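Residue numbers (our numbering), protein chains in the order written: chain A, 1 to 235; chain B, 1 to 207.
For every residue, glycine included, the Cβ atom is placed at its ideal position computed from N, Cα and C.
Since this is a predicted model, take the numbers as computed values, not measurements.
Each remark here refers to the structure printed beneath this line.
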Ligand code: SF4
Ligand code: SF4
Ligand code: FES
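This is the structure in structure tokens:
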């Protein structure tokens, strides 16, 4: 007998051990998320997936589903929080989309579109962050990193390497590369590694593929991230 | 359109085409919506996109008249209903123009990526201004016989380029690099008819 939780009034079945996010994704219910990727263990850092469970706000990507939970997700208050978090991600880095090869295929940008972000709202930090072009096939541009650790997880869990890591805390957090020189070119990262392809933003790019897909045919040109990530249709 | 704000589109609904037909021509002219436009640290691409509304310009001109704008060459912005500002703020003159727009326009609109987050000009924000100038004017066959222009008439450049909302209050944002002619048309017709402007998913883009 399958157990169920309720998300925005909809009965959603789950299996023991699944999180609220897992159950939602299987049922085609979209909960905005950035640091979560169903192929990897949850990280719980971006908080975009915050839902209200029985009156308390929790990260749905880390919260185990429990029989009878009443979950609120697509409500004005939570979407306003998600918009604010997304705007903070934009001003905390340097996101100049017209000059970014990921534009049109970027999950951060797509979430911003989904939430109707018309401006970043907050004052920009314009932080000083380093780009690293030392690798022959992979470009690392920290200006666009949102510290989701997907590259870190992919390198460790899938590639069996340990190329990336986060160092520092809070606003001083930095994506570091595991080589004596600190340069990507001096690691054993291969262009075929999962870690080179998992970044939701334009922080890790494969060289010589820039702007390969014309405007109008990119992932999020016509369909929302909700449709892309749930395989469903919007509304 | 203006997230985190609950403003109504315009203080008073603006006249529709044909409205005021019974009043004298002088009154009719007064009722036209007055629009000012300018480009600060931008490339005039948003203005070019504005012209991309093509023959709809004829319909628009029935409803609006232009104050300061590259289309009129009026040098200072007077009292207006709508101000469209392209480009970010990269020097002291930009701030003066922007403040003049804010003072005179009932509704101020940030149009395009540069007005909204600094855009491509903001790519210099992490380069020392002096290094920037040297690269442009002194190295690699620079201009002015290797001198950095320093005429007192030239506006004082800032060390960073900022979006306009970091300097004045902005009522509406119209993103895109540039926003398409259709997006601009939809936005303006919403605003002119007193509706809260809203962009379709495919018209909202940051690039
Ligand atoms: S990573 Fe995404 S949001 Fe950032 S500049 Fe690139 S396209 Fe824009
Ligand atoms: S580089 Fe990309 S995948 Fe890695 S932490 Fe930054 S945003 Fe995430
Ligand atoms: S998706 Fe859950 S915290 Fe990022």
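Residue-chain proximity (residue i, chain E), Cβ-Cβ < 8 Å
{"i": "residue 119 (chain B)", "result": "Structure shown: chain E not included; protein chains present are A and B."}
Straight-line Cα distance separating residue j from residue i
{"i": "residue 188 (chain B)", "j": "residue 133 (chain B)", "result": "39 Å"}
{"i": "residue 99 (chain A)", "j": "residue 52 (chain B)", "result": "23 Å"}
{"i": "residue 242 (chain B)", "j": "residue 147 (chain B)", "result": "The requested residue 242 (chain B) does not occur in the structure, where chain B is confined to residues 1 to 207."}
{"i": "residue 139 (chain A)", "j": "residue 197 (chain A)", "result": "11 Å"}
{"i": "residue 87 (chain A)", "j": "residue 115 (chain B)", "result": "16 Å"}
{"i": "residue 206 (chain B)", "j": "residue 109 (chain A)", "result": "8 Å"}
{"i": "residue 177 (chain B)", "j": "residue 13 (chain A)", "result": "43 Å"}
{"i": "residue 101 (chain B)", "j": "residue 206 (chain A)", "result": "44 Å"}
{"i": "residue 190 (chain A)", "j": "residue 37 (chain A)", "result": "21 Å"}
{"i": "residue 105 (chain B)", "j": "residue 86 (chain B)", "result": "15 Å"}
{"i": "residue 9 (chain B)", "j": "residue 113 (chain A)", "result": "Residue placement at residue 9 (chain B) is flagged as unreliable, the pLDDT there being 47, under the threshold of 50; the coordinate-derived value follows with that caveat. Computed Cα separation, rounded: 21 Å."}
{"i": "residue 30 (chain A)", "j": "residue 113 (chain B)", "result": "28 Å"}
{"i": "residue 213 (chain B)", "j": "residue 51 (chain A)", "result": "With chain B covering only 1 through 207, there is no way to say anything about residue 213 (chain B)."}
{"i": "residue 210 (chain A)", "j": "residue 67 (chain A)", "result": "47 Å"}
{"i": "residue 222 (chain A)", "j": "residue 181 (chain A)", "result": "42 Å"}
{"i": "residue 197 (chain B)", "j": "residue 45 (chain B)", "result": "21 Å"}
{"i": "residue 164 (chain A)", "j": "residue 53 (chain A)", "result": "34 Å"}
{"i": "residue 28 (chain A)", "j": "residue 34 (chain A)", "result": "17 Å"}
{"i": "residue 179 (chain A)", "j": "residue 132 (chain A)", "result": "13 Å"}
{"i": "residue 144 (chain A)", "j": "residue 77 (chain B)", "result": "38 Å"}
{"i": "residue 173 (chain A)", "j": "residue 93 (chain A)", "result": "11 Å"}
{"i": "residue 161 (chain A)", "j": "residue 63 (chain A)", "result": "28 Å"}
{"i": "residue 73 (chain B)", "j": "residue 166 (chain B)", "result": "27 Å"}
{"i": "residue 47 (chain A)", "j": "residue 78 (chain A)", "result": "11 Å"}
{"i": "residue 210 (chain B)", "j": "residue 57 (chain B)", "result": "Lying outside 1 to 207, the shown extent of chain B, residue 210 (chain B) is not represented and no answer is given."}
{"i": "residue 10 (chain A)", "j": "residue 83 (chain A)", "result": "24 Å"}
{"i": "residue 22 (chain A)", "j": "residue 59 (chain A)", "result": "12 Å"}
{"i": "residue 155 (chain B)", "j": "residue 97 (chain B)", "result": "12 Å"}
{"i": "residue 107 (chain B)", "j": "residue 81 (chain B)", "result": "6 Å"}
{"i": "residue 111 (chain A)", "j": "residue 220 (chain A)", "result": "10 Å"}
{"i": "residue 70 (chain B)", "j": "residue 142 (chain A)", "result": "38 Å"}
{"i": "residue 150 (chain B)", "j": "residue 34 (chain B)", "result": "37 Å"}
Extent of the continuous beta strand (DSSP E) to which residue i belongs
{"i": "residue 166 (chain A)", "result": "164-167"}
{"i": "residue 50 (chain B)", "result": "Element bounds for residue 50 (chain B): not the beta strand (DSSP E) but the alpha helix (DSSP H), 45-51."}
{"i": "residue 91 (chain B)", "result": "89-91"}
{"i": "residue 6 (chain A)", "result": "3-7"}
{"i": "residue 52 (chain A)", "result": "50-53"}
{"i": "residue 183 (chain B)", "result": "Run containing residue 183 (chain B): none in the beta strand (DSSP E); it sits in the alpha helix (DSSP H), 181-192."}
{"i": "residue 205 (chain A)", "result": "204-206"}
{"i": "residue 176 (chain A)", "result": "174-177"}
Endpoints, the alpha helix (DSSP H) within which residue i is located
{"i": "residue 95 (chain A)", "result": "Residue 95 (chain A) -> no alpha helix (DSSP H), and no H or E assigned at all."}
{"i": "residue 57 (chain B)", "result": "56-63"}
{"i": "residue 113 (chain A)", "result": "107-114"}
{"i": "residue 227 (chain A)", "result": "225-230"}
{"i": "residue 152 (chain A)", "result": "150-153"}
According to DSSP, residues forming a beta bridge with residue i
{"i": "residue 97 (chain B)", "result": "Residue 97 (chain B) is not bridged to any residue."}
{"i": "residue 135 (chain A)", "result": "DSSP output for residue 135 (chain A) lists no bridge partner at all."}
{"i": "residue 86 (chain B)", "result": "B:39, B:111"}
{"i": "residue 72 (chain A)", "result": "A:52"}
{"i": "residue 19 (chain A)", "result": "A:64"}
{"i": "residue 13 (chain A)", "result": "A:4"}
{"i": "residue 177 (chain B)", "result": "Bridge partners of residue 177 (chain B): none, in fact."}
{"i": "residue 57 (chain A)", "result": "A:52"}
{"i": "residue 33 (chain B)", "result": "B:64"}
{"i": "residue 80 (chain B)", "result": "B:105"}
{"i": "residue 172 (chain B)", "result": "B:109"}
{"i": "residue 140 (chain A)", "result": "A:132, A:204"}
Exposure of residue i, with buried meaning 16 or more beta-carbon neighbours within 10 Å
{"i": "residue 130 (chain A)", "result": "exposed"}
{"i": "residue 75 (chain B)", "result": "exposed"}
{"i": "residue 125 (chain B)", "result": "buried"}
{"i": "residue 126 (chain A)", "result": "buried"}
{"i": "residue 48 (chain B)", "result": "exposed"}
{"i": "residue 124 (chain A)", "result": "buried"}
{"i": "residue 75 (chain A)", "result": "exposed"}
{"i": "residue 174 (chain B)", "result": "buried"}
{"i": "residue 20 (chain A)", "result": "buried"}
{"i": "residue 192 (chain A)", "result": "exposed"}
{"i": "residue 213 (chain A)", "result": "exposed"}
{"i": "residue 80 (chain A)", "result": "exposed"}
{"i": "residue 6 (chain A)", "result": "exposed"}
{"i": "residue 121 (chain B)", "result": "buried"}
{"i": "residue 56 (chain A)", "result": "exposed"}
{"i": "residue 41 (chain A)", "result": "exposed"}
{"i": "residue 55 (chain B)", "result": "exposed"}
{"i": "residue 218 (chain A)", "result": "buried"}
Cβ-heavy atom distance, residue i to ligand 5, below 7 Å
{"i": "residue 133 (chain B)", "result": "Absent from the structure shown: ligand 5. Ligands present: ligand 1, ligand 2 and ligand 3."}
Length-filtered (4 minimum) alpha helix (DSSP H) runs lying within the stretch 118-169 of chain B: 129-133
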